[in-house]
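*Asks:* Residue numbers (numbering that gives the first Met the number 0): 0 to 375.
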Amino acid sequence: MADQGYRSWVEVSRERIAENYRVLKQAAGRGAELMPVVKADAYRHGSVEVSKVLEREGARWLAVSSVDEGCVLREAGIEARILVMADFLPCERVALLDYRLTPVIHSLTDIEALNTLSQQRGTETAFHLKIDSGMGRLGTRSEPDEIVQTIRANPGVTLEGVMTHFASAADYASPQTSNQIQRFRFICDSLSSAGIRPRYVHLSSTIPLAYGRREAWGNLIRPGHAIYGYVSPSRGEAPPLAVQVRPALTWKASILAIKEIPEGALIGYGGIYRAPRPLRIAVLAAGYADGIPHRLSNRGRVIAGGKLAPILGAVSMDVTTIDISHSPPLRTGDGVTLLGTEGDVTIDAQQIAKTAGTISYSVLCGISARVKRVYV
Ligand SMILES: *Cc1c(COP(=O)(O)O)cnc(C)c1O
Numbered sequence: 000m001a002d003q004g005y006r007s008w009v010e011v012s013r014e015r016i017a018e019n020y021r022v023l024k025q026a027a028g029r030g031a032e033l034m035p036v037v038k039a040d041a042y043r044h045g046s047v048e049v050s051k052v053l054e055r056e057g058a059r060w061l062a063v064s065s066v067d068e069g070c071v072l073r074e075a076g077i078e079a080r081i082l083v084m085a086d087f088l089p090c091e092r093v094a095l096l097d098y099r100l101t102p103v104i105h106s107l108t109d110i111e112a113l114n115t116l117s118q119q120r121g122t123e124t125a126f127h128l129k130i131d132s133g134m135g136r137l138g139t140r141s142e143p144d145e146i147v148q149t150i151r152a153n154p155g156v157t158l159e160g161v162m163t164h165f166a167s168a169a170d171y172a173s174p175q176t177s178n179q180i181q182r183f184r185f186i187c188d189s190l191s192s193a194g195i196r197p198r199y200v201h202l203s204s205t206i207p208l209a210y211g212r213r214e215a216w217g218n219l220i221r222p223g224h225a226i227y228g229y230v231s232p233s234r235g236e237a238p239p240l241a242v243q244v245r246p247a248l249t250w251k252a253s254i255l256a257i258k259e260i261p262e263g264a265l266i267g268y269g270g271i272y273r274a275p276r277p278l279r280i281a282v283l284a285a286g287y288a289d290g291i292p293h294r295l296s297n298r299g300r301v302i303a304g305g306k307l308a309p310i311l312g313a314v315s316m317d318v319t320t321i322d323i324s325h326s327p328p329l330r331t332g333d334g335v336t337l338l339g340t341e342g343d344v345t346i347d348a349q350q351i352a353k354t355a356g357t358i359s360y361s362v363l364c365g366i367s368a369r370v371k372r373v374y375v
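Okay, structure coming up:
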């Protein structure tokens with residue numbers, strides 16, 4: 000609760016990140032290596048700090064979304080292999096190679112373009128090929144014989160990995176994951192028959208690892224969410240969770256003002272909350288510009304002095320008002336917990352997401368850049 004000198008800040012536990020990594024590594028066993036995903040600034044936990052922890056723990060691969068994200072890590076001295084997963088623009092190809100990033104290629108014409116550039120530079124470039132096995136997003140939908148032909152025709156680049164991504168991994172009631180595995184296996188088997196056997200085969204992110212769906216692991220697994228301590232709930236008849244991870248991030252905001260308001264007073268934009276009785280309210284130094292979902296207006300809660308405190312009225316851009324009538328005495332400058340644990344009360348990203356009608360990933364990634372980050 001002590002005054003941290005910030006309006007709003009997150010505390011990220013390096014030890015939790017390391018612990019979660021170890022738990023996942025143990026679950027993956029010897030057959031599959033981990034490639035932790037640190038895209039989107041490590042789901043806002045801070046990609047440089049998180050990558051340093053993971054490198055220290057022995058991670059040899061990291062995954063990001065964009066060339067920019069990879070450059071940030073290289074400039075911070077990260078030496079692990081870095082896979083760029085969410086494609087790149089033609090103008091980013093040179094930086095990709097300059098920064099020793101490993102591209103995921105999503106179309107056969109991109110293999111040709113990369114081959115040309117590599118030959119011009121006199122370097123050999125390793126790439127991973129993404130197969131659209133049925134998600135209908137990034138990835139090639141070409142048939143195996145076309146893939147084989149293209150790879151043979153472009154000897155300046157090396158197919159180091161072949162990968163896919165699942166659309167409905169958490170939904171055990173849907174056949175989509177099995178269908179995707181089947182399609183992906185067909186492509187891999189066909190490549191193998193043609194003598195093309197890439198070093199890495201990878202399909203899975205957090206969910207298939209956390210629920211022990213081994214047939215979807217390949218020899219490399221790309222967990223993101225679980226590194227940060229989250230596994231989304233499953234649907235259908237899922238096996239029990241095979242891992243226990245814990246959130247690494249706590250999000251706080253300072254109290255700017257405390258006051259007593261009379262019965263009948265309106266609170267915030269639109270006057271959408273009317274005090275049913277006299278209340279003690281606190282105005283917090285964080286709003287939707289810091290990442291508090293606007294949808295928490297009049298329905299979210301925070302932890303103030305160890306007690307749940309409801310959000311009153313509309314979440315504003317820079318401030319949010321809460322009811323602290325039932326909290327122990329608090330003072331201006333005290334911190335309250337927007338996401339995290341105080342004593343035996345916890346609010347995690349999953350709960351916030353549920354209340355706000357979104358997903359936990361979006362809650363974490365929504366914590367904005369102006370929220371200070373502190374490593375503990
Ligand atoms: C984001 C992402 C991941 C990590 O997903 P989590 O659910 O956070 O584990 C893995 N692979 C790809 C292609 C991704 O885009």
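Quick reminder that beta carbons are idealized off the backbone N, C-alpha and C, glycines included.
Residues in the same chain with beta-carbon distance under 6 Å from residue 0, minus the five sequence neighbours each way, listed in chain order, please.
*Replies:* Below a pLDDT of 50, predicted positions are generally treated as unreliable, and residue 0, at 48, falls in that range; the measurement from the model is reported next regardless. The beta carbon of residue 0 sits closer than 6 Å to those of 333 and 334, all from its chain and outside the five residues before and after it, given in chain order.
*Asks:* Going by Cα to Cα distance, which pick from 231, 206 and 228 is closest to residue 220?
*Replies:* The shortest Cα separation from residue 220 among 231, 206 and 228 belongs to 206.
*Asks:* In the DSSP assignment, find the unbroken alpha helix (DSSP H) run with residue 207 in it and report its ends.
*Replies:* 205 to 209
*Asks:* What residue from 279, 62 and 245 has the CA that sits closest to residue 254's CA?
*Replies:* The residue with the shortest Cα to Cα distance from residue 254 is 279.
*Asks:* State the CB to CB distance for the pair residue 125 and residue 176, rounded to an integer number of angstroms; the pair is presumed to be in contact (CB under 8 Å).
*Replies:* No, residue 125 and residue 176 are not in contact; Cβ-Cβ is about 28 Å, not under 8 Å.
*Asks:* Where do the ends of the beta strand (DSSP E) carrying residue 303 lie?
*Replies:* 300 to 303
*Asks:* Below 7 Å, is the gap between the Cβ of residue 316 and the nearest heavy atom of ligand 1?
*Replies:* no
*Asks:* Going by DSSP in three states, residue 212 sits in which element: helix, strand or coil?
*Replies:* coil
*Asks:* I want to check one thing, is the minimum distance from the CB of residue 38 to the heavy atoms of ligand 1 below 7 Å?
*Replies:* yes
*Asks:* Among the candidates 307, 321, 292 and 84, whose CA atom is the shortest distance from the CA of residue 377?
*Replies:* Since the displayed the chain opens at 0 and closes at 375, residue 377 lies outside it and no answer follows.
*Asks:* According to DSSP, simplified to helix, strand and coil, what is residue 20?
*Replies:* Look at residue 20 here: in three-state DSSP terms it is helix.
*Asks:* Mind checking which residues open and close the beta strand (DSSP E) that includes residue 184?
*Replies:* For residue 184, no beta strand (DSSP E) run applies; the uninterrupted alpha helix (DSSP H) run containing it begins and ends at 175 to 192, by DSSP.
*Asks:* For the beta strand (DSSP E) that contains residue 322, what are its first and last residues?
*Replies:* 319 to 322
*Asks:* Any chance the stretch 311 to 326 sits against the stretch 263 to 272, with 3 or more Cβ pairs inside 8 Å?
*Replies:* Segments in contact, yes.
*Asks:* Hey, quick one: how far does the beta strand (DSSP E) through residue 309 stretch, first residue to last?
*Replies:* 306 to 311
*Asks:* Determine contact between the stretch 187 to 203 and the stretch 152 to 168, defined as no fewer than three beta-carbon pairs at a distance below 8 Å.
*Replies:* yes
*Asks:* Note the first and the last residue of the continuous beta strand (DSSP E) segment covering residue 124.
*Replies:* For residue 124, the enclosing beta strand (DSSP E) stretches over residues 124 to 129.
*Asks:* Here's a check: name, in chain order, each residue in its chain whose Cβ is nearer than 8 Å to the Cβ of residue 133, leaving out the five neighbours to either side.
*Replies:* 166, 175, 178, 179 and 182
*Asks:* Report buried or exposed for residue 113, applying the criterion of at least 16 other Cβ atoms within 10 angstroms of its Cβ.
*Replies:* buried
*Asks:* Since residue 366 and residue 216 should fall inside the 8 Å C-beta cutoff, what is the C-beta to C-beta distance between them, to a whole number of angstroms?
*Replies:* Not really, about 31 Å apart at Cβ, beyond 8 Å.
*Asks:* Taking 6 Å as the limit between beta carbons, can you name the residues of its chain near residue 172, skipping five residues before and five after?
*Replies:* Within the same chain, Cβ atoms closer than 6 Å to the Cβ of residue 172 are found at 234 and 235, the five residues on either side in sequence being excluded.
*Asks:* Where does the unbroken beta strand (DSSP E) through residue 11 begin, and where does it stop?
*Replies:* 7 to 11
*Asks:* Could you pull the DSSP bridge partners for residue 199 from this structure?
*Replies:* Partner(s): 160.
*Asks:* Applying the criterion that 16 or more other CB atoms from any shown protein chain within 10 Å of the CB defines a buried residue, is residue 30 buried or exposed?
*Replies:* exposed
*Asks:* Return the Cβ separation of residue 7 and residue 252 in integer angstroms, given the expectation that the two are a contact with Cβ distance under 8 Å.
*Replies:* 4 Å
*Asks:* Below 8 Å on the Cβ atoms is my contact criterion, and I expect residue 73 with residue 101 to pass it. Report the Cβ-Cβ distance as a whole number of Å.
*Replies:* Rounded, the Cβ-Cβ distance is 12 Å, inconsistent with contact.
*Asks:* By the DSSP assignment, the alpha helix (DSSP H) with residue 110 in it spans what residues?
*Replies:* 107 to 120
*Asks:* On the DSSP letters alone, give me the boundaries of the beta strand (DSSP E) that residue 279 sits inside.
*Replies:* 278 to 283
*Asks:* Enumerate in chain order the residues of its own chain whose CB-to-CB distance from residue 71 is below 8 Å, with the five nearest sequence positions on each side excluded.
*Replies:* 46 and 47
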